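Visitor: Okay, handing you the structure first.
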Amino acid sequence: MSVNESPAGRQPTATYDSPFMKACRREPVPHTPVWFMRQAGRSLPEYRKVREGVPMLESCMRPELVTEITLQPVRRHGVDAAIYFSDIVVPLKAIGLDLDIKPGVGPVVERPIRTRADLARLRDLTPEDVSYVTEAIGLLTRELGPTPLIGFAGAPFTLASYLVEGGPSRTYENAKAMMYGDPELWADLLDRLADITAAFLKVQIEAGASAVQLFDSWVGALAPADYRRSVMPASVKVFEAVAGYGVPRIHFGVGTGELLGLMGEAGADVVGVDWRVPLDEAARRVGPGKALQGNLDPTVLFASTEAVETKTREVLDAAEGLEGHIFNLGHGVMPSTDPDALTRLVDHVHARTAR
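Letter by letter, the sequence shown follows residues 20 to 374 of the working numbering.
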């Protein structure tokens, strides 16, 4: 189903005519909508205060805490969309995998997935496994009113890279060894992860999320031919599984300049672009029929206000004439970013693009 169509039996929600949703649908907007990846997080003192003493995964399972953290950047920055506070490994934890998020390291898997027998540990995800997600989104949508809530999940390749490596990696040697050396096992692993990811996104949409973003954070490590053959089928499966809901689907990865066209082909309505490719060139690579999201370098926010505004104008100028544009950073907000710089950036984009 096209994102421009109303799903059968579903009435337009309070968020339907918001600038963010209009941009996703490539419709005229009153101003370019803005939100930031990792807008709810360590850059905010109020976040650090409410998270004090609470482990990351536990914080993702407390509905009231998730609600508060998700709302914090909306209150502070006036962004045009909230993104659900969670982590890409939450559905893996929910199905019983022994993993944790270690401070300063990231997700660590106690027993990596390396053999066909290991696949048996990846059971189906049910709504009951993540009932706290349904509860939190219910609380959030009541608080957010006309501000859209973006649900999200990790894409099969990025989840597989953590599961096979056992934690973060710069080279993905174990994951790539499986992909090249045992392509059948690799395909079955990604297919299983696609089912889990789709189920996780469905829970969020059915609870009230207005849009969803699939984070394939590390897929930029692949050549286009390898992506098309070994990764794209699983991403396509995820996007097709949620197509019937009619909510906008966003696809994002880092270092994916060579993959932008393929990532658009995978089924997203909006393609996220990191800071390495100007948006006008990204539009050429993605092709017509897609909105774009991005793409200010997150480190620009450490420069002077004047420099931030100059670089922001470059992004907006490159986005001139796009079918739809959502302003965002080219990756997540860095923890030491001054929150006031983000607030000023939102105000600047809104003022400069007011129509």
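Note that CB positions come from ideal geometry on N, CA and C, so glycine has one too.
Being a predicted model, the structure only gives us computed values, none of them experimental.
Of all the options 373, 170, 107, which has the alpha carbon lying nearest to the alpha carbon of residue 221?
Guide: Start at 1 with the first residue of the sequence shown, and residue 221 comes out as number 202. It is 170.
Visitor: If you follow the beta strand (DSSP E) that residue 123 is in, where does it begin and where does it stop?
Guide: Taking the sequence shown and counting its residues from 1, the one referred to as residue 123 is at position 104. Premise fails: residue 123 is in no beta strand (DSSP E) and is neither H nor E.
Visitor: Answer with buried or exposed for residue 68, where buried requires no fewer than 16 other C-beta atoms within 10 angstroms of its C-beta.
Guide: Reading the sequence shown from its first residue, position 49 is the one you call residue 68. That one is exposed.
Visitor: Given this structure, state the Cα-to-Cα distance separating residue 106 from residue 349, to the nearest angstrom.
Guide: Residue 106 sits at position 87 when you count from the first residue of the sequence shown. Residue 349 sits at position 330 when you count from the first residue of the sequence shown. Going from the Cα of residue 106 to the Cα of residue 349 covers about 19 angstroms.
Visitor: Leaving out five residues before and five after residue 33 in sequence, what residues of the same chain have Cβ atoms less than 8 angstroms from its Cβ?
Guide: Working through the sequence shown from its first residue, we reach residue 33 at position 14. Closer than 8 angstroms at Cβ, skipping near neighbours: 164, 165.
Visitor: With 8 angstroms set as the bound, which would you pick, yes or no: does the beta-carbon of residue 157 sit closer than that to a beta-carbon of chain D?
Guide: Structure shown: chain D not included; a single protein chain is present.
Visitor: So, is residue 340 buried or exposed, given that buried needs 16 or more other C-beta atoms within 10 angstroms?
Guide: Taking the first residue of the sequence shown as 1, we reach residue 340 at position 321. Exposed, because fewer than 16 other Cβ atoms sit within 10 Å of the Cβ of residue 340.
Visitor: DSSP on residue 24, reduced to helix/strand/coil?
Guide: For the purposes of this step, residue 24 is identified with residue 5 of the sequence shown, where counting begins at 1. The predicted position of residue 24 is uncertain, since its pLDDT is 49 and thus under 50; no value can be drawn from it.
Visitor: DSSP on residue 170, reduced to helix/strand/coil?
Guide: As a working note, residue 170 is residue 151 in the sequence shown. Note: residue 170 maps to strand in three-state DSSP.
Visitor: To which residues does DSSP link residue 119 through a beta bridge?
Guide: The count along the sequence shown starts at 1 and reaches residue 119 at position 100. DSSP output for residue 119 lists 127 as bridge partner(s).
Visitor: If you draw a straight line from the C-alpha of residue 423 to the C-alpha of residue 264, how long is it?
Guide: Residue numbering for the chain in the displayed model covers 20 to 374; residue 423 lies beyond these limits and cannot be assessed.
Visitor: Anyone know if the C-beta pair for residue 360 and residue 334 falls short of 8 angstroms?
Guide: On the sequence shown, position 341 is the one that residue 360 refers to. On the sequence shown, position 315 is the one that residue 334 refers to. No.
Visitor: Taking residue 120 and residue 148 to be in contact with their CB atoms under 8 angstroms, please state how far apart those CB atoms are, rounded to whole angstroms.
Guide: Position 101 of the sequence shown holds residue 120. Position 129 of the sequence shown holds residue 148. Rounded, the Cβ-Cβ distance is 18 angstroms, inconsistent with contact.
Visitor: DSSP on residue 88, reduced to helix/strand/coil?
Guide: The residue you call residue 88 lines up with position 69 of the sequence shown. Here residue 88 sits in helix by DSSP.
Visitor: Report the residue from 260, 236, 253, 267 whose alpha carbon sits nearest the alpha carbon of residue 229.
Guide: If you number the sequence shown from 1, residue 229 lands on position 210. Looking at the Cα atoms, 267 is the closest of the given residues.
Visitor: Need the endpoints of the alpha helix (DSSP H) that residue 183 sits in, please.
Guide: Numbered from its first residue, the sequence shown carries residue 183 at position 164. It spans 175-184 - the alpha helix (DSSP H) in which residue 183 sits, taken as one unbroken run.
Visitor: In three-state DSSP terms, what is residue 96?
Guide: Here residue 96 corresponds to residue number 77 of the sequence shown, with the count starting at 1. The answer is helix: DSSP assigns residue 96 an H, G or I state.
Visitor: So is the beta-carbon of residue 184 under 7 angstroms away from any non-hydrogen atom of the ligand ADP?
Guide: Only the bare structure without any ligand can be found here, which leaves the ligand ADP out of the picture.
Visitor: Which residues does DSSP pair with residue 315 in a beta bridge?
Guide: In the sequence shown, the residue the question calls residue 315 occupies position 296. Note: residue 315 sits in a beta bridge opposite 348.
Visitor: Let me confirm a value: residue 199 is counted as buried when at least 16 other C-beta atoms fall within 10 Å, else exposed. Which label applies?
Guide: Here residue 199 refers to the residue found at position 180 of the sequence shown. Its Cβ having fewer than 16 others within 10 Å, residue 199 is exposed.
Visitor: Buried or exposed for residue 62, please, with buried defined as at least 16 other CB atoms from any protein chain shown within 10 angstroms of its CB.
Guide: Indexing the sequence shown from 1 puts residue 62 at position 43. So residue 62 ends up on the buried side.
Visitor: If you follow the beta strand (DSSP E) that residue 233 is in, where does it begin and where does it stop?
Guide: Here residue 233 corresponds to residue number 214 of the sequence shown, with the count starting at 1. That run of the beta strand (DSSP E) goes 230-234.
Visitor: Using beta-carbon positions only, say whether residue 331 and residue 367 come within less than 8 angstroms of one another.
Guide: In the sequence shown, the residue the question calls residue 331 occupies position 312. In the sequence shown, the residue the question calls residue 367 occupies position 348. In contact: residue 331 and residue 367 (Cβ atoms closer than 8 angstroms).
Visitor: Taking one C-beta from the stretch 299-316 and one from the stretch 273-281 each time, how about it: are there three or more such pairs within less than 8 angstroms?
Guide: Touching, yes.
Visitor: Starting from residue 291, trace the beta strand (DSSP E) both ways and give me its first and last residue.
Guide: Mapped onto the sequence shown, residue 291 falls at position 272. Residues 289-291.
Visitor: Measure from the alpha carbon of residue 91 to the alpha carbon of each residue in 71, 66, 79, 344, then state which is nearest.
Guide: What you label residue 91 is simply residue 72 of the sequence shown in a count that begins at 1. Taking only the C-alpha atoms, the option nearest residue 91 is 66.
Visitor: Looking at the unbroken beta strand (DSSP E) that takes in residue 269, where does it start and where does it end?
Guide: Here residue 269 corresponds to residue number 250 of the sequence shown, with the count starting at 1. Residue 269 -> beta strand (DSSP E) spans 268-271.
Visitor: Please report the distance separating the alpha-carbon of residue 168 from that of residue 343.
Guide: The residue you call residue 168 lines up with position 149 of the sequence shown. The residue you call residue 343 lines up with position 324 of the sequence shown. For residue 168 and residue 343, the distance between alpha carbons rounds to 19 angstroms.
Visitor: Comparing alpha-carbon positions, which option in 194, 38, 336, 132 lies nearest residue 240?
Guide: Position 221 of the sequence shown holds residue 240. For the residues 194, 38, 336, 132, the minimum Cα distance to residue 240 belongs to 194.
Visitor: Taking the alpha carbon of residue 143 as the point to measure from, which residue in 95, 246, 116 has its own alpha carbon closest?
Guide: One-based indexing of the sequence shown puts residue 143 at position 124. Checking every option, the nearest Cα to that of residue 143 belongs to 116.
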